[in-house]
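Report on the following structure.
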Amino acid sequence: MNRIARVIFLLMAATAYAHCATATYQVQKGDNLFVISRKFHTKITVLRKLNGLKSSMLHPGDTLLVPVLDSEKKTSMVSLNSASQPVLAVIPVSEPATRAARQTDVLLSFNIQIDKAAITVVNKAMSFIGVPYCLGGYGNKGIDCSGLVKNSYEAAGINLPRTAQNQFQEGVPVSRSQLAPGDLLFFSSSGKTPTHVAIYMGEGMVIHANSGSGKVVMQDIERTPFLKRTFIGARRILLPI
Numbered sequence: 133m134n135r136i137a138r139v140i141f142l143l144m145a146a147t148a149y150a151h152c153a154t155a156t157y158q159v160q161k162g163d164n165l166f167v168i169s170r171k172f173h174t175k176i177t178v179l180r181k182l183n184g185l186k187s188s189m190l191h192p193g194d195t196l197l198v199p200v201l202d203s204e205k206k207t208s209m210v211s212l213n214s215a216s217q218p219v220l221a222v223i224p225v226s227e228p229a230t231r232a233a234r235q236t237d238v239l240l241s242f243n244i245q246i247d248k249a250a251i252t253v254v255n256k257a258m259s260f261i262g263v264p265y266c267l268g269g270y271g272n273k274g275i276d277c278s279g280l281v282k283n284s285y286e287a288a289g290i291n292l293p294r295t296a297q298n299q300f301q302e303g304v305p306v307s308r309s310q311l312a313p314g315d316l317l318f319f320s321s322s323g324k325t326p327t328h329v330a331i332y333m334g335e336g337m338v339i340h341a342n343s344g345s346g347k348v349v350m351q352d353i354e355r356t357p358f359l360k361r362t363f364i365g366a367r368r369i370l371l372p373i
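Under the working numbering, the first residue of the sequence shown carries the number 133, and numbering increases by one thereafter.
See the structure below:
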C-alpha cells in the first residue's frame with residue numbers, strides 16, 4: 133500500500149487495539165516476524181493482526197505497530213539496534229516475567245546457546261520463504277522439505293541427515309504440548325514413516341517447503357487440514373546443555 137494508506141491503516145489499527153498500548157517500530161535488516169515477536173514478548177499472530185499482514189515478508193524501513201506494556205508509551209517511537217546475530221534471552225531470567233512473556237518466551241527455559249541456535253535455524257528457514265518447492269532441491273532456486281531443515285540447521289552448525297525419514301531418528305521425542313521454536317514436526321500420508329517435515333516457529337506455526345503450495349510457506353497447523361491430519365510426531369534437536 134502507498135505511504136498515506138499505510139499511515140491511515142496504522143491509525144485505524146491503533147484505535148482498534150486501544151486496550152493494548154502500542155508503539156511504532158522500524159524494521160531493521162535481519163528482522164522477521166519471529167525475531168520482532170521475541171523482542172516485544174508478543175505473538176506473531178498479534179503482530180499480524182495489529183498490522184493487517186497477509187504475508188510474512190518484511191523489508192528494512194517498514195513501520196510496524198508493536199504492543200508495549202506501558203500505556204503512556206502508546207505514541208512513542210521504539211528504537212532497538214539490530215545485532216548481527218539476534219539473541220532471544222535479552223531479558224535476565226531472574227527478572228519477573230510479564231504475562232505476555234510467560235505465554236510466549238518459551239525458549240527462556242533453555243540455555244542461552246539453545247536460544248541462539250533456535251533463532252539462527254528459524255531465521256535461515258525464513259530466508260527461504262517463497263522459494264519454489266523442488267523435490268531433491270537444496271538451494272534458493274528450489275528446495276524440498278528435508279532440504280530446508282538440513283540447510284537451516286547447518287546455519288547453526290548442526291549437520292542433519294538429508295531425508296525426513298532419517299531426520300526422524302535424530303534428537304529426542306517431544307510432545308506437541310511442549311513444542312519450542314526449532315523443533316522438527318513430522319507428517320505422514322502413508323502410515324508411521326515420515327513423508328514430510330517442518331520446522332516449528334511457535335504459536336502453532338510451522339515453516340516448511342510445501343509441495344501443495346509449490347513453495348516454502350509459513351502455516352498454522354490447526355488451520356491446515358493436511359498438517360493437522362497427518363502429524364505423527366516431533367523431535368527436539370536443540371537439547372539443553
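Every residue, glycine too, gets a C-beta built ideally from N, C-alpha and C. Every value quoted in this text rests on a predicted model; they were computed, and no experiment measured them.
DSSP-derived helix/strand/coil call for residue i
| i | result |
| --- | --- |
| Val329 | strand |
| Tyr270 | strand |
| Thr174 | coil |
| Ala366 | strand |
| Ala232 | Bear in mind that the predicted position of Ala232 carries a pLDDT of just 29, short of 50, making it unreliable; the figure below should be weighed with that in mind. Ala232: helix per DSSP, three-state reduction. |
| Ile406 | Any answer about residue 406 is impossible in this case: the structure gives the chain only from 133 up to 373. |
| Asp276 | coil |
| Pro192 | coil |
| Ala257 | helix |
| Lys186 | coil |
| Ile290 | coil |
| Ala146 | Here the model assigns Ala146 a pLDDT of 42, short of 50, so the residue's position is not dependable, and the following value carries that caveat. Three-state result, Ala146: helix. |
| Lys248 | helix |
| Lys161 | coil |
| Asn283 | helix |
| Leu212 | Because Leu212 sits at a pLDDT of 36, beneath the cut-off of 50, its placement in the model cannot be relied upon, and the point is left open. |
In DSSP terms, what residue i is bridged to
| i | result |
| --- | --- |
| Thr295 | Partner(s): none; Thr295 has no beta bridge. |
| Val198 | Ala155 |
| Tyr265 | Ile275 |
8 Å Cβ cutoff met for residue i and residue j
| i | j | result |
| --- | --- | --- |
| Ala366 | Val306 | yes |
| Ile290 | Met350 | no |
| Ile339 | Ala288 | no |
| Pro326 | Ser320 | yes |
| Met278 | Thr295 | One point to set straight first is that residue 278 is Ser, not Met, in the sequence displayed. It is a contact, given that the beta carbons lie within the stated cut-off. |
| Phe358 | Leu317 | no |
| Thr167 | Leu179 | Reading off the sequence, residue 167 comes out as Val, not Thr. Not a contact, by the Cβ cut-off of 8 Å. |
| Tyr285 | Asn342 | no |
| Leu182 | Leu165 | no |
| Ile331 | Val254 | yes |
| Gly336 | Glu354 | yes |
| Ile275 | Val348 | yes |
| Lys161 | Pro192 | yes |
| Val200 | Ala249 | no |
| Ile176 | Ser187 | no |
8 Å Cβ cutoff, residue i in contact with chain D
| i | result |
| --- | --- |
| Gln158 | In the structure shown, chain D does not exist; there is a single protein chain. |
- [ ] Can you check the region 303-362 for any alpha helix (DSSP H) of at least 4 residues that lies completely inside it and give the ranges in chain order?
- [x] 357-362
Task: Contact the region 157-173 vs the region 298-305: 3+ CB pairs below 8 Å - done: no
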